[in-house]
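A.B. asks:
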Amino acid sequence: MQTTRWRPDTCDCVIEYEWDRDLDPSMRTHTVKQVVHFCKHHNRLKKASLWNNVLNENLCKNGAVNALQSYLKIDSDDPELAWRFEGSGGRRVLHVSLPLDSAGELQKAGAQLMLDDMVGLGLVVVE
Ligand SMILES: [Zn+2]
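Numbering (the numbering used here), first residue to last: 48 to 174.
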């Protein structure tokens, strides 16, 4: 078993999980070994649900940022595509700010529709 310490960029949690390096990546499961640190947003969650929450937030943010970058045809290093999570516990909402030169109302509305479709209603707010 391999142990990895994960510090997601979406919150300050620190989680150690185990995985089997001999398994094909598509077959791997990740088992939480220990929560090294609960961040202030997730400190009311139990260890078992923390993993899913933090992972889902991270996947949601990565997916939304990638989708917006191709939708707006902007560079992946563009610092103007800012994001943050609001709220705490099991249902934090991702807020994404579009760069000024592409933040027309139509494009914002289009981006919002695309993300609602992708991650589900109410989970992402385009600003
Ligand atoms: Zn956290």
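Built from N, CA and C at the ideal position, the CB exists for glycine as well.
Report the option in Thr-50, Asn-105, Ala-114 and Leu-162 whose CA atom is closest to the CA atom of Arg-75.
C.D. replies: Comparing Cα positions, the closest option is Thr-50.
A.B. asks: Could you tell me the distance, in whole angstroms, from the CA atom of Leu-141 to the CA atom of Gln-81?
C.D. replies: For Leu-141 and Gln-81, the distance between alpha carbons rounds to 26 Å.
A.B. asks: Would you mind sorting Glu-133 into buried or exposed? The rule is 16 or more other CB atoms within 10 Å of its CB.
C.D. replies: Exposed.
A.B. asks: Apply the 10 Å Cβ neighbour rule to Met-111 and answer buried if 16 or more other Cβ atoms are within range, or exposed otherwise.
C.D. replies: According to the sequence provided, residue 111 is Ala. The question's Met does not apply to it. With 16 or more other Cβ atoms within 10 Å, it is buried.
A.B. asks: With respect to the beta strand (DSSP E) encompassing Leu-97, which residues constitute its N-terminal and C-terminal limits?
C.D. replies: No beta strand (DSSP E) contains Leu-97, which is instead part of the alpha helix (DSSP H) from 94-119.
A.B. asks: Can you name the start and end residues of the alpha helix (DSSP H) that Glu-152 belongs to?
C.D. replies: Its alpha helix (DSSP H) spans residues 152-166.
A.B. asks: Using a threshold of 8 Å, state whether the C-beta atoms of His-84 and Val-61 are closer than that.
C.D. replies: Taking 8 Å as the Cβ cut-off, His-84 and Val-61 qualify as a contacting pair.
A.B. asks: Quick one: is Glu-104 buried, meaning 16 or more other Cβ sit within 10 Å of its Cβ, or exposed?
C.D. replies: By the neighbour-count rule (16 or more Cβ atoms within 10 Å), Glu-104 is buried.
A.B. asks: Go ahead and pull the three-state DSSP assignment for Ser-135.
C.D. replies: In this structure, Ser-135 counts as coil in the three-state DSSP scheme.
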